[in-house]
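Number of protein chains: 2
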Amino acid sequence: MVRMADVARAAGVSVMTVSNVLNERLPVNEPTRARVMAAVEALGYEVNLTARHLRAGRTDTVAFVVPSFHDYFGELADQVAPLIEAEGRHLVLERTSADAEQEMEALSVARLQMYDGVLLSVAGLDLEQLGRVRTAKPIVLLGERDVPDHLNHVRLANESGARLATAHMIERGSRRILALGCSFDAAHMMTTDRRAGWEHACREAGLAADPAYVVPVSDYTSLGAREAMLEVIASGLPFDGVFAVTDIVALGALSALADSGLRVPVDVQLAGFDNLDMSRFIPPGITSVDANHEGVAEAAVGLLHRQMSGWTGPAEHVVAPVRLVVRGSTRGGA
Amino acid sequence: MVRMADVARAAGVSVMTVSNVLNERLPVNEPTRARVMAAVEALGYEVNLTARHLRAGRTDTVAFVVPSFHDYFGELADQVAPLIEAEGRHLVLERTSADAEQEMEALSVARLQMYDGVLLSVAGLDLEQLGRVRTAKPIVLLGERDVPDHLNHVRLANESGARLATAHMIERGSRRILALGCSFDAAHMMTTDRRAGWEHACREAGLAADPAYVVPVSDYTSLGAREAMLEVIASGLPFDGVFAVTDIVALGALSALADSGLRVPVDVQLAGFDNLDMSRFIPPGITSVDANHEGVAEAAVGLLHRQMSGWTGPAEHVVAPVRLVVRGSTRGGA
DNA sequence: AGCGCACAATATATCGATAAAAAGTAGGAC
DNA sequence: GTCCTACTTTTTATCGATATATTGTGCGCT
């Protein structure tokens, strides 16, 4: 490992001069600078980031902590990365597997030190656990749960998105719409808020929002959704529309519907939430509420950047707007 | 920031005693140990990982460098993570956006220091660039390109996978199969190897492997594939099967076929490569060559682990076997 | 010639931990 | 009572950089 001291010796200067050349902190005479740069090239020197970090207290690195590297989070992360890099910092992803303990660990002082800032997709932590998080480190939370006031937070307009999707299907003729993967939990959660939107849309149209039409999905995978959907079909419960809590769930539903000979959108309309890349291409095209990755990423990185620049004002809670993207899985779409 | 020195003062011992208690290196008397632990609790002390790293030269962290956080890589990363964690280490993802310069930067000494080992998905780098990578740091390359002998490498059996898929479609009646997203580049690349497999299968069955049936796709997105597919259809080139170089490409093709009124698998059979999660659920189910994430992850982590344990033998080049998963997009599937 | 000033380069202290060597403390054997 | 050994604990040096203070150098001005 070649150190700054080796470069200094080779160039016949002090370590600080090398540091000053590389960081352009204090001015260095041109001939000296050239000698240093030549030595750097010759030896192939590269700064030891760990040492710099220890001394300077800065890593120029931001962590995005996600429950899994899959799907929604992968897509969101791809949006976040360029924004972080545009500010001269570096982005790394960490995974918690939606495990509360691991999420807390990710927020532990020890790990936070490694980064100048942290974006955390809250999946497993509840309000009480998050309330215990006290740190000076810039943090922005992402995700569809309630969070303490003192932490910055970006979430989606879940309720309004679900309402849009449901209302759209009602307008196009559906009268009995399943809320697949939704729930009645008390806490503000993604599945609860989206159910509320479904309910709202039903009521608004003068339709019953029968709790029997709220169908839970075991683990929010396509497989779980497919199985739940098959059970509903087998049960004989009449329905002519499905609002799926996510596109992943919608895909499972689509699979079950196809296998059961139910035609989309003729017999059953289908809408999802997130507008994953694939949803555009899966025939007949899945109508979906766009999760506004761009807006979410921009808002989150903006809040984070502000904190990293020293801002200490009160935390903000941003609700990113969403819009409905109509495709072939609902009538009147492309 | 509470340091080890603060804990030491509170417990009335030296810094080294605290270190010894926390790391269980040298034995410490029980009463002393208890006092130290009490102080740690009381002050909420957590070790400074940066300082430890600088001194101990170990981060207990492995980086997985991928071209993008999406799809294939996200799924693979989710497989890799538990294997790394099982060895008491931590995994982080970094992104290069398939940019050769950024990939080289990810391999720069400076960034390598931050990790005990690196898994690198080679997308943009060619043989010559990789040849310049000289480092003592444990590295394992992943991906479907040629790499220098001195670097450990895990790749898929691309040629045989493509052959399996193509042969399967031929067996089920296809006679004119497109190789969508494949190419004739000289270097061993994913698109070339898979084309070779397609060619091989055609020849084996006594069919012509007409270069006109090798259709490039601009950027290997579903959108690009869809457009390429629509052009082929518009051109009037007769075909009754599509081997898509990836499932993402297959999805684009499926979209184009559906919009053109061509039925899968009745008019056209379709097979992809990667067996993404979604492929199982997209009606009618996309027949795909399973990318064997588990095997790839296991082999790669195994090679990395071996290096991190001090093994210095010659590099290995593993070709992970693949298998065909037959679904509804080819005849005779589910 | 003498003085001061601007600028370049160096010396010193420090970030927070760990490895290795040294020192302190008992207890047991003779 | 002395000495040795075994076990705890502390001391010292170090990882590789950066921030601050200090020293050194050349030049203009009177």
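In order, the protein sequences belong to chains S and U.
Read in UniProt numbering, the first sequence has 153 at position 153, and its numbers run on one by one without any break.
Read in UniProt numbering, the second sequence has 274 at position 274, and its numbers run on one by one without any break.
Built from N, CA and C at the ideal position, the CB exists for glycine as well.
It should be emphasised that the depicted structure is a prediction, and the values quoted were computed from it without experimental measurement.
- Taking C-beta atoms under 8 Å as the contact rule, Val66(U) and Leu93(U) qualify, at a distance of about 6 Å.
- Thr61(S) sits in a strand when the DSSP states are folded into three classes.
- Where Asp290(U) is concerned, the enclosing beta strand (DSSP E) starts and stops at Thr287 to Asp290.
- In the three-state DSSP reduction, Ala205(S) falls in the coil class, being neither helix nor strand.
- The CB of Leu54(S) comes closer than 7 Å to the CB of Thr50, Ala51 and Leu54 in chain U, given here in chain order.
- The C-beta of Ala256(U) has 16 or more other C-beta atoms within 10 Å across all chains shown, which makes the residue buried.
- In the DSSP annotation of this structure, the continuous segment of the beta strand (DSSP E) that includes Asn152(S) starts and ends at Asn152 to Leu156.
- Taking a C-beta cut-off of 7 Å against chain S, the contacting residues of the stretch 231-256 of chain U are Leu251, Gly252, Leu254 and Ser255, listed in chain order.
- Gly117(U): member of the beta strand (DSSP E) spanning Gly117 to Ser121, first to last residue.
- Within its own chain, the residues whose Cβ lies closer than 8 Å to the Cβ of Ala299(U), once the five positions on either side in sequence are excluded, are Val154, Val318 and Ala320, listed in chain order.
- DSSP links Ile282(S) through a beta bridge to no other residue.
- In terms of Cβ geometry, Asn292(U) and Asp247(U) do not form a close pair [threshold 8 Å].
- Taking C-beta atoms under 8 Å as the contact rule, Phe281(U) and Ser222(S) qualify, at a distance of about 5 Å.
- When rounded, the separation of the alpha-carbon atoms in Val322(U) and Ile177(U) is 21 Å.
- Residue burial is scored here from C-beta neighbours: Glu199(U) has at least 16 other C-beta atoms within 10 angstroms and is therefore classed as buried.
- Using a C-beta cut-off of 8 Å, the stretch 300-315 of chain S makes no contact with the stretch 8-18 of chain U, since fewer than three inter-stretch Cβ pairs fall below that distance.
- When rounded, the separation of the alpha-carbon atoms in Ser218(U) and Ala244(U) is 13 Å.
- For Glu128(S), the enclosing alpha helix (DSSP H) begins and ends at Leu127 to Gly131.
- In terms of CA proximity to Arg175(U), Val268(U) leads the group Gly261(U), Val268(U), Glu159(U) and Leu26(U).
- For Ile84(U), no CB of chain S lies under 8 Å from its own CB, so it is not counted at the interface with that chain.
- When C-beta atoms of the stretch 140-160 of chain S are compared with those of the stretch 179-195 of chain S, three or more pairs fall below 8 Å, so the two segments count as touching.
- By the Cβ rule, the stretch 223-234 of chain U does not count as touching the stretch 156-170 of chain U, because fewer than three pairs are nearer than 8 Å.
- Residue environment for His53(S): buried (at least 16 other C-beta atoms within 10 angstroms of its C-beta).
- Spanning the alpha carbons of Arg33(U) and Ala110(S) requires a straight line of approximately 21 Å.
- By DSSP's assignment, Gly44(S) forms no beta bridge with any residue.
- For Ala179(S), the enclosing beta strand (DSSP E) stretches over residues Ile177 to Leu180.
- Under the criterion of beta carbons closer than 8 Å, Gly272(S) and Ile286(S) qualify as touching, at roughly 5 Å.
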